[in-house]
Amino acid sequence: MFRRRWPEVRAGLIGLAILLGLVEGCPLPPAQYVRPWQAPFVDIVRPVQQTVLTPVRWIPRHLRFSQRWALFQVAERDAHRLEIQGRVLGGPWQPLFRAGDPSHAAYAELLEQERVRGVWDPTDRTMYQYHAFARWLTQRVLDDRPDLQAVRLRFEKIVIDDGTVRGTGVHVYPFGRERGTR
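Residue 984 is where the sequence shown starts when you use our numbering, and the numbers rise one by one after that.
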């Protein structure tokens, strides 16, 4: 009896898996990024999505699979921009490099190539190689620029909104070096 019904059961299970994959994979923005024009749609779809997935929520967690991936990856709205600043003895900090800023492009050729950028481009934390990289880079800047007494690296938190980069004035992950120190 079961063998005769197996094709129908199998078809039903496949259909259910497809339906659940579509529901789970529906790309909804995180709550803090919902734009006003998206709100009516998201306010309806998110509770439906959560209700439908509640009975099967254990499956991705225990079997370690999910439909939560993006076909076309985009940058996070909250990101960071590397700055290198130098200071002559008794003077103010002067920008030498700011990622993506052609008016402050010292070391851009070195820092913006793909292999090197992976060392310093943070997400929610710095890369594990960042401190060794920062020690090397600050020493290199001091070696290249004998007029500088100190060099610092830091990241400005930026917001990318509709393709426009906007600095927030908040700086994180500072690393500094004075001339004559290691």
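All residues carry an ideal CB built from backbone N, CA and C; glycine is no exception. From a predicted model like this one, the values you see are computed outputs, not experimental measurements.
{"Query": "What separation, rounded to the nearest whole angstrom, lies between the Cα atoms of glutamine 1015 and threonine 1147?", "Result": "18 Å"}
{"Query": "In the DSSP assignment, find the alpha helix (DSSP H) that holds glutamine 1032 and state where it starts and stops.", "Result": "1022–1036"}
{"Query": "Could you give the distance in angstroms between the alpha-carbon of phenylalanine 1080 and the alpha-carbon of valine 1025?", "Result": "40 Å"}
{"Query": "Where does proline 1012 sit, in a helix, a strand or coil, going by DSSP?", "Result": "coil"}
{"Query": "Just tell me which of Cys1009, Asp1130, Arg986 has its CA closest to the CA of methionine 1074.", "Result": "According to the sequence as given, residue 1074 is glycine; it is not methionine. The candidate whose alpha carbon is nearest that of glycine 1074 is Asp1130."}
{"Query": "Per DSSP, leucine 996 is paired with what?", "Result": "DSSP lists no partner for leucine 996."}
{"Query": "Residue range of the alpha helix (DSSP H) that proline 1240 falls in?", "Result": "Outside the shown range of the chain, which is 984 to 1165, sits residue 1240, and nothing can be said about it."}
{"Query": "Quick check: the Cα distance between glycine 1008 and threonine 1034, rounded to an integer number of angstroms?", "Result": "14 Å"}
{"Query": "Quick check: the Cα distance between alanine 994 and leucine 1003, rounded to an integer number of angstroms?", "Result": "14 Å"}
{"Query": "Starting from glutamine 1096, follow its DSSP beta bridges and name the residues at the other end.", "Result": "Answer is none; glutamine 1096 lacks a bridge partner."}
{"Query": "If you follow the alpha helix (DSSP H) that aspartate 1127 is part of, which residue opens it and which one closes it?", "Result": "1113–1127"}
{"Query": "Tell me which same chain residues have a C-beta within less than 6 Å of the C-beta of tryptophan 1076, skipping the five on either side of it?", "Result": "Gln1068, Arg1070"}
{"Query": "Beta-carbon separation of threonine 1121 and arginine 1160 under 8 Å?", "Result": "yes"}
{"Query": "At the level of alpha carbons, what is the spacing between histidine 1114 and isoleucine 1001?", "Result": "46 Å"}
{"Query": "Is it buried or exposed, isoleucine 1141, if we count other Cβ atoms within 10 angstroms and call 16 or more buried?", "Result": "buried"}
{"Query": "Between the alpha carbons of arginine 1128 and proline 1010, how many angstroms are there, rounded?", "Result": "49 Å"}
{"Query": "Give the range of the beta strand (DSSP E) segment to which alanine 1133 is assigned.", "Result": "1133–1144"}
{"Query": "So, using beta-carbon positions, are valine 1099 and leucine 1093 closer together than 8 Å?", "Result": "yes"}
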